[in-house]
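Q: Protein chains in written order, with this note's numbering: chain P, 88 to 418; chain R, 24 to 341. The structure under discussion is supplied below as structure tokens; questions concerning it will follow.
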Amino acid sequence: MALISLRNLTKRYGGAITALDGLTVDIDPGIVGLVGSNGAGKSTLLKILLGLVEPTSGDATVLDLDVRTRGTDIRQFVGYMPEHDCLPPDASATDIVSHLALISGLPRTAARERTAEVLRHVGLYEERYRAIGGYSTGMKQRVKLAQALVHDPRLLLLDEPTNGLDPAGRDEMLELVRRTGTEFGMAVIVASHLLGEIEAVCTYLVAIEGGRLLRSAPLGDFIEQTGTLAVEVDEGSTALAERLTADGLAVVVDGRAVLVAISDGRPYDLVRDAVAELGLPLVRIEQRRHRLEDLFRDVPPTEIAAARAPTGEVAPGPPVSAAPTAPGDDR
Amino acid sequence: MTDATTAGVASSGVSTTAGPTGPTGSIYDIGYRRYEGPRLGRAHAIRSLFFHSLRSTFGIGRGGRAKIAPIILVGLALLPAIAIVGALTMAAQFGVGSRFANNAPIRYDTYFSSISTIVVLFCAAQAPELFGRDQRYGVLALYFARALRRSDYALARIAGFVAALLLIELAPQVLLFLGRVLLSPDILGAVGDDLPSVGPVLAQAILSAALLGGLSMAVAAFTPRRAYATAGIIALFTIPNIVAGTVLGLGSSVIGTWLLLLSPTSVLDGTNSILFGTPLGSDFFFIDLPNVAYVAAALAGVVGSIAITVRRFSRIAT
């Protein structure tokens, strides 16, 4: 039984802006990275999962509860860490977290105890009695995480948890997320546009772009995928591309480079021979590691299609041409 | 599954300068336990938010500065009652207690209008504390992500504020009652004399708290900026009076008097006179409006302001 189940989930704002477009995916417990550029629909998806935003069409269930009708029940068992600032500066961490624990349905004594525990868990000690206005960004992020954990949710939704943190603070936050997910067995969804972070903590990855599912697979599948051979020449890239296409390879010209798909067979000999016979000034041949970033680069559509095919969990519709990351309103 | 050690090392992401790979999180090792206790759900959430709002209105649970305005204004609201009880004590010593008690200018029926300005100032100062803070600092996102609905949030906050106003309206009346009864030579007789006033006092206090509180919260719901909300609340409670007064001054006493129904404080003067059966004291009221007009205006104000506030929070973006 899936933790989260989305069926053809679509959200449009005012008929014009499409935040989510026919998203179909099942998500199982674990630490799940929800990755996409700004405006890809990550925050909208999290709000739909919380029952705060009504989907335009399609269905979504969280913990087997329908987001349309069981929002308050879902939220009792879900913790949410928003992307933006959400803490009153004149309250102390203890004040706000214990107050929010009550609002989450905990009895008064339990709220107090859980507040102390969870603030210790995120690494706030004596400073938890001071006003939040004097906290560093890192401490504020910890309080935000603590309030999401205080009622011991079954599912934790984190929206850009490392927002505004320096590298050290970012590593500490990610370590906290990882511990929370692995050692306490809590299901976690981490939305982020920073792919390096996703690699560090997640076991499973859901990539969305322009409101559509790009891919959904265990993290290993994303990284191990063989990738692209980039053949960079000073001139004659078009001629090289024609030649390689004639040899039966899937290629795309990218400026001075020719990108060759190497998912089937090993085209190195063909490339070497083609470059030699055409007498092109070769700069370099490199195998681009198929890291997560490649998902959002201007990669050949054929490669995306090849990458999507084996998963079997692709959304219906035409293949997505992985558009260059366009800045947009992250609804 | 990401193995714990690799994740720890790889957590630097793009950076390859792996420093000491010691466990960065080991200091957090103690303490996380699962919670197996009861989850009391929506009703508990609403109740908690109600009491939090009530306390916050008086600055309780907040810093010292947040308490200054409520303490001063509550003190001012109590002052007439304290003064009259003090005077009653003196009068009782001179043996004219009952005569003074019956002719004192500050009585159950006059108390509400005598402190109405203070209550309005209290609304202007404290209503923005509840709704403004939550909007200004984005706290709404945290509330709405919990086991309550948006309308629950709005109603619990309004109810907490109205309850706070009710305390301010009733506390001086209780003081007045205790003073009159305990200083009377015939305590049981005094209780019997004053008991009929309890109903009107309660009704007027509830009406007044709900109308002034509901309207103040409706204004406060629309801006995260404290100064705007305070100015808006004061404007709402004074401008209708000024407009009605101007129309009256221009000689249109009928229209002017009807316009007074747009002024919350004048409406409350009207319901006060109906409940206590006393004539309207204000110079404004040139004609007698039907009783039902005041009551209808008050109820419309209460229901309308609450509906507007609930609607506002059902649409607000978080």
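We put the beta carbon where it would ideally sit given N, CA and C, even for glycine. All values derive from a computational prediction rather than experimental measurement.
1. Could you tell me which of G117/P, L316/P, V205/P, N95/P sits nearest to L132/P, measuring between CA atoms?
2. Near V270/R, which residues of its chain fall below 6 Å by C-beta distance, leaving aside the five closest residues on each side in sequence?
3. Tell me which same chain residues have a C-beta within less than 6 Å of the C-beta of D175/R, skipping the five on either side of it?
4. With I295/P as the anchor, note down where its alpha helix (DSSP H) starts and where it stops.
5. Suppose you measure from the CA of I94/R to the CA of L144/R; what does that come to, to the nearest Å?
6. At a Cβ threshold of 8 Å, is S303/P touching chain R?
7. Going by alpha carbons, who is nearest to L232/P out of L174/P, A218/P, A361/P, I91/P?
8. Show which residues of chain P have a CB atom less than 9 Å away from the CB atom of R248/R.
9. Write down the C-beta distance between I118/P and V288/P rounded to the nearest angstrom, noting that I regard them as a contact closer than 8 Å.
10. Identify, in the order they occur along the chain, each residue of the same chain with its Cβ nearer than 6 Å to the Cβ of K90/R, setting aside the five sequence neighbours on each side.
11. So, do the segment 92–108 of chain R and the segment 166–184 of chain R have three or more beta carbon pairs nearer to each other than 8 Å?
12. Which residues in the same chain have their Cβ closer than 6 Å to the Cβ of A92/R, if we skip the five residues on either side of it in sequence?
13. Quick check: what's the CA-CA separation for I331/R versus R257/P?
14. Residue range of the beta strand (DSSP E) that P305/P falls in?
15. Helix, strand or coil, according to DSSP, for S92/P in the structure here?
16. Using only CA atoms, which one of A328/P, D360/P, L300/P, A274/P lies nearest to D108/P?
17. Anything in chain P within Cβ reach of S76/R, meaning under 7 Å, just list it in chain order.
18. Buried or exposed for R162/P, going by 16 or more other Cβ atoms inside 10 Å?
19. By DSSP's criteria, E319/P is part of a beta bridge. Which residues make up the other side?
20. V112/P lies in the alpha helix (DSSP H); which residues open and close that run?
21. Using a Cβ-Cβ cut-off of less than 9 Å, give me the residues of the segment 232–251 of chain P that come near chain R, in sequence order.
22. If I follow the unbroken alpha helix (DSSP H) through L99/R, where does it start and stop?
23. Might you give, ordered along the chain, the residues of its own chain that have their beta carbon closer than 8 Å to the beta carbon of L331/P, omitting 5 neighbours on each side?
24. Which residues share a DSSP beta bridge with V165/P?
25. Strictly by DSSP, which residues pair up with Y100/P?
26. Using a C-beta to C-beta distance shorter than 7 Å, which residues of chain P count as neighbours of S71/R?
27. Below 7 Å between beta carbons is the criterion; list the residues of the segment 111–142 of chain P that meet it against any residue of chain R, in chain order.
A: According to the data block:
1. It is N95/P whose Cα lies nearest to the Cα of L132/P.
2. I278, G279, L282
3. Cβ neighbours of D175/R beyond the five flanking positions: I69.
4. Premise fails: I295/P lies in the beta strand (DSSP E), 291–296, not in any alpha helix (DSSP H).
5. 12 Å
6. no
7. L174/P
8. Simply none; closest approach about 15 Å.
9. 6 Å
10. Excluding positions up to five away in sequence, the list reads G82.
11. no
12. Around A92/R: A148.
13. 42 Å
14. P305/P: member of the beta strand (DSSP E) spanning 299–305, first to last residue.
15. strand
16. L300/P
17. The premise fails here: S76/R is roughly 11 Å from chain P at the closest Cβ pair, so nothing lies under 7 Å.
18. buried
19. A344/P, R371/P
20. Looking at the DSSP string, V112/P is not in any alpha helix (DSSP H); the run it does join, the beta strand (DSSP E), is 104–114.
21. Q234, A235, L236, V237, H238, D239, L244
22. 88–116
23. Cβ neighbours of L331/P within its own chain (closer than 8 Å, five residues either side excluded): V338, V345, V347, P354, L357, V358, A361.
24. L242/P
25. I104/P
26. L189, I190
27. L137, L139
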